[in-house]
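Okay, so here's the structure we're looking at.
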Amino acid sequence: MRRPAPDDPSIEGVTAPENRLINHFFHDFKGGLSTVIMCMDALREGIEGPVSQDQDRWLEKAERNCQHLVSLIDDFRDLTRMEDGSYPPEAEPVDPAAMFEQLSQNVADEAARRRIRTAFDLPDGLPGPRMASPLVGRSLTRMYGVLVDCTRTGGLLLTTVHVQGTGPRPELVIRIESEGVESDAALLESVFDKLSQAGAGLQWGRGYTLLFCRTAARYLGGDLVLSPWPGRGTRVDVRLPLGPPGQDRG
Amino acid sequence: MEGKAKIFMVDDDTDLVDIVRSVLEAAGYEFASAASATEALDIVDTVAPDLIILDVMMEDLVAGFRVVNQLRNFDAFPQNRKYEKVPILMMTSIQQQTRMKFSQDAGSRLLPIDAFLEKPVKPRALLQKISELLNR
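Residue numbers (this note's numbering), protein chains in the order written: chain U, 1 to 250; chain B, 1001 to 1136.
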């Protein structure tokens, strides 16, 4: 995969067919996994008679691993579509307050287990931007999963949101700060780009998180930057234009 | 709906068809299947389904869309008007994120299906969706 230049004459000749092939391959891969998952679901639901508690536990493990693979496939497919420009340019109104509330709920159990304090600083009346909301939601969910993993027990995970700029191209600026992993920016990249083994017990799927989130942010015309939070941990800055995707796409 | 409803599944994944058959028969439905769009269109009159579960990519990339077009485009296929009230549930591994739009209106430019489920599908979710479609 590669990011095509807008006027690259070879895009149609090389990149798009390659990505179509990848998409077809993953479609078939996901189809097989889906069948396996449905088999296990059917057994767990007792279609063929009751399963024991131990059998259910093994089926649950197998199903969870398959679901993780499906999730990785979805990420790969979306990455290829963002890179060849075929990701659907749908734009829907996003309610930032609801989006961050959902993120908070997603990590609540794990945060409570490790006594991580999550805080959100959102000004009242944030505008409801139009953007590819599923992409933004998935990206931030992944990033939060990694950040909770990397926040020290008892540490703070602080999210600050504001709108920057006025006129034709204001941006939603999201800063997420995690008390925990602290290092120079280059090493942070490798920490957050870790390729996890499928089903390594990570609830949100750490694999490809940084690649996926950064590609999504840039696809939407913004960016994602990792930097140290001096003396405390890691800082993630995400900028997203409030206009619809496709405008000034980076 | 009175009596046993007949569900017609069109999918080239025979293992998946086998599982769905078990799930639906256990729930009291009659079941029939076809492994391609071509076969589905050949036998749909014989099957006379009450609901159709349809995959997209089968013998070609848009095989499922072809079935929908033929069963819902009454101008071109007036003999298929008898399927106007037969719900079509599209079940595919095309991601929901593609935001594929669908509509129940046969004349719509949108995909004229009744519901969409993305694989993998939980048996319970499938049964619930079928029940909703049959009883609306």
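We treat Cβ as the ideally placed atom computed from N, Cα and C, and that holds for glycine.
Put residue i into one of helix, strand or coil per three-state DSSP.
{"i": "residue 1077 (chain B)", "result": "coil"}
{"i": "residue 1009 (chain B)", "result": "strand"}
{"i": "residue 1132 (chain B)", "result": "helix"}
{"i": "residue 173 (chain U)", "result": "strand"}
{"i": "residue 1023 (chain B)", "result": "helix"}
{"i": "residue 232 (chain U)", "result": "coil"}
{"i": "residue 1038 (chain B)", "result": "helix"}
{"i": "residue 226 (chain U)", "result": "strand"}
{"i": "residue 33 (chain U)", "result": "helix"}
{"i": "residue 121 (chain U)", "result": "strand"}
{"i": "residue 1115 (chain B)", "result": "strand"}
Excluding the 5 residues flanking residue i on each side, which residues of the same chain have their C-beta closer than 7 Å to its C-beta?
{"i": "residue 1055 (chain B)", "result": "1010, 1011, 1012, 1064, 1091, 1092"}
{"i": "residue 115 (chain U)", "result": "153, 154"}
{"i": "residue 97 (chain U)", "result": "122, 126"}
{"i": "residue 36 (chain U)", "result": "66"}
{"i": "residue 1119 (chain B)", "result": "1091, 1092, 1093"}
For residue i, which residues from the same chain have a beta carbon less than 6 Å from its beta carbon, with the 5 sequence-adjacent residues on both sides left out?
{"i": "residue 1021 (chain B)", "result": "1031"}
{"i": "residue 85 (chain U)", "result": "none"}
{"i": "residue 177 (chain U)", "result": "158, 229, 235"}
{"i": "residue 1066 (chain B)", "result": "1037"}
Let me confirm a value: residue i is counted as buried when at least 16 other C-beta atoms fall within 10 Å, else exposed. Which label applies?
{"i": "residue 49 (chain U)", "result": "exposed"}
{"i": "residue 1034 (chain B)", "result": "buried"}
{"i": "residue 216 (chain U)", "result": "buried"}
{"i": "residue 52 (chain U)", "result": "exposed"}
{"i": "residue 187 (chain U)", "result": "exposed"}
{"i": "residue 231 (chain U)", "result": "exposed"}
{"i": "residue 1114 (chain B)", "result": "buried"}
{"i": "residue 201 (chain U)", "result": "At residue 201 (chain U) the pLDDT is 41, less than 50, meaning the model places this residue with poor confidence and gives no usable figure here."}
{"i": "residue 1132 (chain B)", "result": "exposed"}
{"i": "residue 1129 (chain B)", "result": "buried"}
{"i": "residue 165 (chain U)", "result": "exposed"}
Less than 8 Å between the CB atoms is what I'm expecting for residue i and residue j, so what's the real figure, rounded?
{"i": "residue 1068 (chain B)", "j": "residue 1053 (chain B)", "result": "Incorrect: roughly 12 Å between the Cβ atoms, too far for contact."}
{"i": "residue 148 (chain U)", "j": "residue 189 (chain U)", "result": "With 8 Å as the limit, residue 148 (chain U) and residue 189 (chain U) do not qualify as a contact, their Cβ atoms being about 19 Å apart."}
{"i": "residue 234 (chain U)", "j": "residue 240 (chain U)", "result": "About 19 Å; that fails the 8 Å criterion."}
Would you check if the distance between the CB atom of residue i and the CB atom of residue j is smaller than 8 Å?
{"i": "residue 1036 (chain B)", "j": "residue 1057 (chain B)", "result": "no"}
{"i": "residue 150 (chain U)", "j": "residue 180 (chain U)", "result": "yes"}
{"i": "residue 1005 (chain B)", "j": "residue 1134 (chain B)", "result": "yes"}
{"i": "residue 100 (chain U)", "j": "residue 122 (chain U)", "result": "yes"}
{"i": "residue 182 (chain U)", "j": "residue 242 (chain U)", "result": "no"}
{"i": "residue 1051 (chain B)", "j": "residue 1086 (chain B)", "result": "yes"}
{"i": "residue 1079 (chain B)", "j": "residue 1041 (chain B)", "result": "no"}
{"i": "residue 73 (chain U)", "j": "residue 29 (chain U)", "result": "yes"}
{"i": "residue 222 (chain U)", "j": "residue 236 (chain U)", "result": "no"}
{"i": "residue 1048 (chain B)", "j": "residue 1127 (chain B)", "result": "no"}
{"i": "residue 59 (chain U)", "j": "residue 103 (chain U)", "result": "no"}
{"i": "residue 44 (chain U)", "j": "residue 56 (chain U)", "result": "yes"}
Spatial neighbours of residue i within its chain, please: C-beta separation below 8 Å, excluding the five flanking residues on both sides.
{"i": "residue 41 (chain U)", "result": "63"}
{"i": "residue 22 (chain U)", "result": "1, 76, 77, 80"}
{"i": "residue 1081 (chain B)", "result": "1074"}
{"i": "residue 26 (chain U)", "result": "73, 76, 77"}
{"i": "residue 185 (chain U)", "result": "226, 227, 228"}
Relative to the ligand HEM, is the shortest distance from any of its heavy atoms to the C-beta of residue i smaller than 7 Å?
{"i": "residue 1012 (chain B)", "result": "With respect to the ligand HEM, the structure offers nothing, as it holds no ligand at all."}
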